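Chemist:
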Amino acid sequence: MYAKLNNWTLTFDNKTISAQVPGDITVDLYRAGLVKNPYFGLDYKDIEWVARRDFTYRTTICADKELLNNQSVTVVFDGIDVFADVYLNGTHLGAIKNMFLQYRYEIRNLLHEGNNTLTVEMHSTLNAMDKIDTTGYYAIFNEKRMFVRKAQCHFGWDWAPKICAYGIWNDVYVECGCKQKINDVYVVADDKGNAAFFVELNYNINSTYDTLGVMVKGSYEEKLDDKLHFYVSDEPFAEADTQKTVEVVGKKNFACFVNQSAKLWWPVGYGEQPLYNYRVELERDGKIISVKSGRFAYRTVSLVEEPKGDTLYGYQLQINGVDVFVKGSNWIPIECFTGVVTDDKYRRLTSLAKDGNFNMLRVWGGGIYEKDIFYDLCDELGLMVWQDMMLACAEIPEDNADWVNNMLAEVDYQVRRLRNHPSLVYWCGGNEKTGCYGLCITKGEFFTDVTMRGFVTNLDRTRPFAKQSPCSWTDLGNDVNSGETHHNSFERALSEGMDKYRSLIAQNIVPFVSEAALMGPNSVETTTKIYPSDKLWPMNEIWDDRLMKNPYSPSPMTFADRELYYAETLYGKVKSLADFTFKGMTAHAEGMRAEAEFTRSNKGISSGFMNWMYSDIWPQGTWATVDYYCEPKQVYYQMKRSYQTVLVTFTQNAAGQTELAVVNDGLTPVDVDITYGVRTLSGKTLRAKTANVSKLCNRMQKFVTDLTCKVNEYLYVDYVIDGQTYTNVYSPSMWSGYLFDSDYTVATQQLDDTHGSISITAKKFAKGVFVHFVDNYKYRYDDNYVDVQAGETKVIHVTSDEPFDVNDVIVDDFAKATK
């Protein structure tokens, strides 16, 4: 039996208000009218007092005779952030010291019939941190944070405000039943149809002895006839009905199944995502006293590291023995106040990732182990998950026994919780431990590479584990020649010149790019939601504060200054908010395109590219691909094109030559007929050549071309696959200095109440045509910010959950916005 606890109150300073659980104290105060909206302007600076106060949550457990007749009644907290003490009817149940742990308390003997008061006394996070001595340790942004087991970005990052989330952030519920339970089920399934189910009980039937050979009192039960019933589905998504029964032989037990017709789970773009159901029942004296159920999939994961040349060592992920090219992004927490994230937001963001041709999301180590729904959705959508442990940009206090024990309890809980998800394909010990960018060894090497590695691989032998990200086979953790690397050419281009961007990219063929960080603004509509009207433009102190800066960067520029410099260097002086938005978004998209497509054009040496970052923790406007309100930025649609399974594009090599690259990441061979050349913005073809590629399957082929073009000319490629024609356009200078026109017509068609199409027909080359509606975050587009060649028509399809009139569409473009 399971019952979620609701009807919570929150008390402080002799005030009592209603509280939502899961939730956050600051949000409860906002709903009660006691604080302003921390996401508007600089109002977040006025709420630090919240994390300086103690608060008390209360609710009632109503115990009737049916509940009290159970052998065991347990209250379970799936997440409290972070320091708290828990009481039932005044009796202390335990202390909370880790946001990422589940806490369980047996309360059967403390309950009485009727109402019982459950109390959670929250203790100020910041006050507790004031007492921490960090002498001899180093971390960026905030050194004391490394000793607190909560989301590290809650103390401020270069994209996150100093908003210290606080409260009960996950479910609280009561479980009841027999004392004997199934603690855990671990599923190990492969790509040949084999599945083993390893079951751990909370009791033993065998005696346990200490090191002197003395039996530990109470370590076993004199009960030898318990049984475990295993049920597994034969077909995907079907009921678990194939049964095996085994006698309980101890605390640890297992059963094996073979499915001769098992269908394999694949990442999106490589195949389907069939999921199978299982159920395990514990029987005692003819009664089922405990049940565990879940989903699993048949698939294998491996990491192949092998030479790719004299000075390159590859980093290739394989699923079911097949090389998979990772096209991913870095997932940070999608909300400052962790407990208020809705399931719908998870669905929207993960479905956007799949629709955008992303196949991996890296859960970054300065955030949280995500909620169950995130991993469930990734299983269903075919989105691979790279899971960091929650360590980031700090030394690791491996010489502090209390911290180590707390951290290892966290690892144990989280690995057990997540290891049955087929989408999870990679464990990582954390993000950018201090020393990874230099030739030095700092505190934590042994913990990540030995202690944690041993802990994780003991619990899960089916996935690769890396000690941190980045990692390599040299003394330099962020080596570009081995392992996986945080790498882009944006920083260097800022100092050496944006006109050198493509040349800088071409200097290194990196085996695996796990972070490529570029930035660009949000849409005008999103920006106007978060800034006072008199602070929208020109840039000012609010822009500097909200867009932040990296104090550890060699560049002294704030991120607002960077975006402005990036936009103006490529596209000229900025005159207005709309002008900045289009120029900044275009610069962001073109830069990310250059980075991603260069990496893909070296498939066979390079095996993955992940941009920094996927979404925002609050409304901001720098690194994200999709903004806080779930509206995709221009870079999202460009990455969708750059990440498509078959990519035909141009790149620049180290010799400065333009190459035509044809890439197929899919497992189905394709024949590609290609016409490519040079055109003017008015549509005149100056040069045309042809090429063809036959039976291209999960590999790349490229040609050096002799094509060059001037300002207001561009390279084009038309290619035909299975009778369908596709196009792509490319400017070596990223369109810098081009003079575009808004010379096009727009036609709309209402397909039904919630679907429509917008057709753009250009008379001259139209750059970045953006179709949108008021409250644009409510709409979904199959493409946007499109480049339309002279004489070409592009059709954009739009959907919404609510009825709309397609004729209300607003159409903007680069030329119109930047006049």
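Residues 512 to 1330 (our numbering) are what the sequence shown spells out, left to right. Even for Gly, the Cβ is constructed at its ideal location relative to N, Cα and C. Computed from a predicted model, the values in this text were never measured in an experiment.
#1: Just to confirm, are N1203 and I1185 a CB contact at a threshold of 8 Å?
#2: Can you list, in chain order, the residues of its chain with a C-beta nearer than 6 Å to that of T811? Leave out the 5 residues immediately preceding and following it.
#3: Which residue comes first and which comes last in the beta strand (DSSP E) that contains V1231?
#4: Which same chain residues, not among the five before or five after P778, have their C-beta less than 7 Å away from its C-beta?
#5: Quick one: any contact between the segment 582-600 and the segment 685-693, if contact means 3 or more CB pairs under 8 Å?
#6: Can you give me the Cβ contacts of I716 inside the same chain, cut-off strictly under 7 Å, excluding the 5 residues immediately before and after it?
#7: How is the alpha helix (DSSP H) around K1151 delimited, first residue to last?
#8: Among T1191, G1234 and Q1212, which residue has its Cα nearest to the Cα of V1222?
#9: For the segment 804-852, list the beta strand (DSSP E) runs that are entirely contained and at least 3 residues long, ordered along the chain.
#10: Suppose you measure from the CA of A482 to the CA of G876; what does that come to, to the nearest Å?
#11: Specify the secondary structure class of T1080 as computed by DSSP and reduced to three states.
#12: Within this structure, are the beta carbons of L814 and Q691 separated by less than 8 Å?
#13: Any idea if R972 is buried or exposed, counting beta-carbon neighbours within 10 angstroms, 16 or more meaning buried?
#14: Hey, how far is the Cα of K763 from the Cα of E711?
#15: Who are E758's beta bridge partners in DSSP?
#16: Alpha carbon to alpha carbon, how far is L739 from N788?
#17: Measure the C-alpha to C-alpha separation of G590 and P818 and round it to an integer number of angstroms.
#18: Pick from Q1260, G1267 and Y1225: whose alpha carbon is nearest that of G1248?
#19: Within 10 Å of its beta-carbon, does A707 have 16 or more other beta-carbons around it, so buried, or fewer, so exposed?
#20: Given this structure, state the Cα-to-Cα distance separating G1177 from D539, to the nearest angstrom.
#21: Output the distance between the C-alpha atoms of I572 and L622, rounded to the nearest integer angstrom.
#22: How would you write the range of the alpha helix (DSSP H) that W1054 sits in, first residue to last?
#23: Starting from G965 and walking both ways along the alpha helix (DSSP H), at which residues does that stretch end?
#24: Buried or exposed for E1074, please, with buried defined as at least 16 other CB atoms from any protein chain shown within 10 angstroms of its CB.
#25: Contact between the segment 1017-1028 and the segment 1050-1064 is defined here as three or more beta-carbon pairs at a separation below 8 Å; is this criterion met?
#26: How many whole angstroms separate the CB atoms of Y1147 and D1294, which I take to be in contact at a CB cut-off of 8 Å?
#27: Restricting to Cα atoms, I'd like to know which of K556, K1289, D596 and L578 is closest to F566.
#28: Can you check the segment 560-612 for any alpha helix (DSSP H) of at least 4 residues that lies completely inside it and give the ranges in chain order?
#29: Would you decide whether K1278 is buried or exposed? Buried here means 16 or more other CB atoms lie within 10 Å of its CB.
#30: Assign R930 to one of three DSSP states: helix, strand, or coil.
#31: In chain order, what residues of the same chain lie with their CB nearer than 8 Å to the CB of L786, ignoring the 5 residues before and after it?
#32: Taking the straight line between their C-alpha atoms, what separation do you get for D1323 and N518?
#33: With which residues is N942 paired in a DSSP beta bridge?
#34: Rounded C-beta distance between I1321 and H1283? I'm assuming under 8 Å.
#35: Helix or strand or just coil, what does DSSP make of Q663?
#36: Count Cβ pairs between the segment 517-535 and the segment 844-861 that sit closer than 8 Å; are there 3 or more?
Modeler: So, from the data block:
#1: The residue given as residue 1203 occupies position 692 in the sequence shown. The residue given as residue 1185 occupies position 674 in the sequence shown. Yes. Within cutoff.
#2: Here residue 811 is taken as the residue at index 300 of the sequence shown, counted from 1. A distance below 6 Å between beta-carbons, with the five flanking residues on each side excluded, links T811 to the following residues of its chain, in chain order: D701, D702 and N831.
#3: Here residue 1231 refers to the residue found at position 720 of the sequence shown. Note, V1231: beta strand (DSSP E), E1224 to I1232.
#4: For the purposes of this step, residue 778 is taken as the residue at position 267 of the sequence shown. Cβ within range, chain order: I830, V835, N870, G893 and M895.
#5: Output reads yes: the segment 685-693 touches the segment 582-600.
#6: Here residue 716 corresponds to residue number 205 of the sequence shown, with the count starting at 1. Cβ-Cβ distances below 7 Å link I716 to Y731, E732, K734, L735, V759 and G761 in the same chain, with the five nearest sequence neighbours on each side left out; the list follows chain order.
#7: Working through the sequence shown from its first residue, we reach residue 1151 at position 640. From DSSP, the alpha helix (DSSP H) with K1151 extends over Q1145 to S1153.
#8: Here the question's residue 1222 lines up with position 711 in the sequence shown. Relative to the Cα of V1222, the nearest Cα in the group T1191, G1234 and Q1212 belongs to T1191.
#9: For the segment 804-852, whole beta strand (DSSP E) runs of length 3 or above, ordered along the chain, are 812-815, 818-820, 827-830 and 837-842.
#10: Nothing about residue 482 can be read from this structure; the chain reaches only from 512 to 1330.
#11: Taking the first residue of the sequence shown as position 1, residue 1080 is located at position 569. Three-state DSSP puts T1080 in a helix.
#12: As a first step, residue 814 must be located in the sequence shown, where it is residue number 303. As a first step, residue 691 must be located in the sequence shown, where it is residue number 180. Taking 8 Å as the Cβ cut-off, L814 and Q691 do not qualify as a contacting pair.
#13: Against the sequence shown, residue 972 aligns to sequence position 461. By the neighbour-count rule (16 or more Cβ atoms within 10 Å), R972 is not buried but exposed.
#14: On the sequence shown, residue 763 is found 252 positions in, with the first residue counted as 1. On the sequence shown, residue 711 is found 200 positions in, with the first residue counted as 1. Taking the straight line from one Cα to the other gives about 5 Å.
#15: Within the sequence shown, the letter at position 247 stands for residue 758. Answer is K738.
#16: Position 228 of the sequence shown, counted from the first residue, corresponds to residue 739. Position 277 of the sequence shown, counted from the first residue, corresponds to residue 788. Roughly 17 Å between the two C-alpha positions.
#17: Here residue 590 refers to the residue found at position 79 when the sequence shown is read from its first residue. Here residue 818 refers to the residue found at position 307 when the sequence shown is read from its first residue. C-alpha separation (whole angstroms): 44 Å.
#18: Within the sequence shown, residue 1248 is the residue found at index 737, counting from 1. Of the listed residues, the one whose Cα sits closest to G1248 is Y1225.
#19: As a working mapping, residue 707 is identified with position 196 in the sequence shown. So A707 counts as exposed.
#20: Here the question's residue 1177 lines up with position 666 in the sequence shown. Here the question's residue 539 lines up with position 28 in the sequence shown. Cα to Cα, the separation comes out at about 48 Å.
#21: Translated into the one-based positions of the sequence shown, residue 572 becomes position 61. Translated into the one-based positions of the sequence shown, residue 622 becomes position 111. Approximately 9 Å, taken between the alpha carbons.
#22: Residue mapping note: residue 1054 aligns to position 543 of the sequence shown, counting from 1. Note, W1054: alpha helix (DSSP H), E1052 to L1058.
#23: Translated into positions along the sequence shown, residue 965 becomes position 454. Its alpha helix (DSSP H) spans residues R964 to L970.
#24: Looking up residue 1074 in the sequence shown gives position 563. Answer is buried; the Cβ neighbour count reaches 16.
#25: no
#26: Here residue 1147 refers to the residue found at position 636 when the sequence shown is read from its first residue. Here residue 1294 refers to the residue found at position 783 when the sequence shown is read from its first residue. Y1147 to D1294, Cβ: 10 Å. No contact.
#27: Against the sequence shown, residue 566 aligns to sequence position 55. Checked all of K556, K1289, D596 and L578; the closest Cα to F566 is D596.
#28: Those alpha helix (DSSP H) runs which fall completely within the segment 560-612 and span 4+ residues are 576-579.
#29: Residue mapping note: residue 1278 aligns to position 767 of the sequence shown, counting from 1. K1278 comes out buried.
#30: Locating residue 930 in the sequence shown gives position 419, where the first residue counts as 1. R930 falls in the coil class under three-state DSSP.
#31: Along the sequence shown, one-based indexing puts residue 786 at 275. Cβ neighbours of L786 beyond the five flanking positions: P747, F748, W776, R806, F807, A808, D890, E891 and P933.
#32: Taking the sequence shown and counting its residues from 1, one reaches residue 1323 at position 812. Taking the sequence shown and counting its residues from 1, one reaches residue 518 at position 7. Going by the C-alpha atoms only, they are around 48 Å apart.
#33: As a first step, residue 942 must be located in the sequence shown, where it is residue number 431. Looking at the DSSP assignment, N942 forms a beta bridge with A903 and S980.
#34: In the sequence shown, residue 1321 corresponds to position 810, counting from 1. In the sequence shown, residue 1283 corresponds to position 772, counting from 1. Contact holds; Cβ gap of about 5 Å.
#35: One-based indexing of the sequence shown puts residue 663 at position 152. Residue state, collapsed to three classes: helix.
#36: These segments touch.
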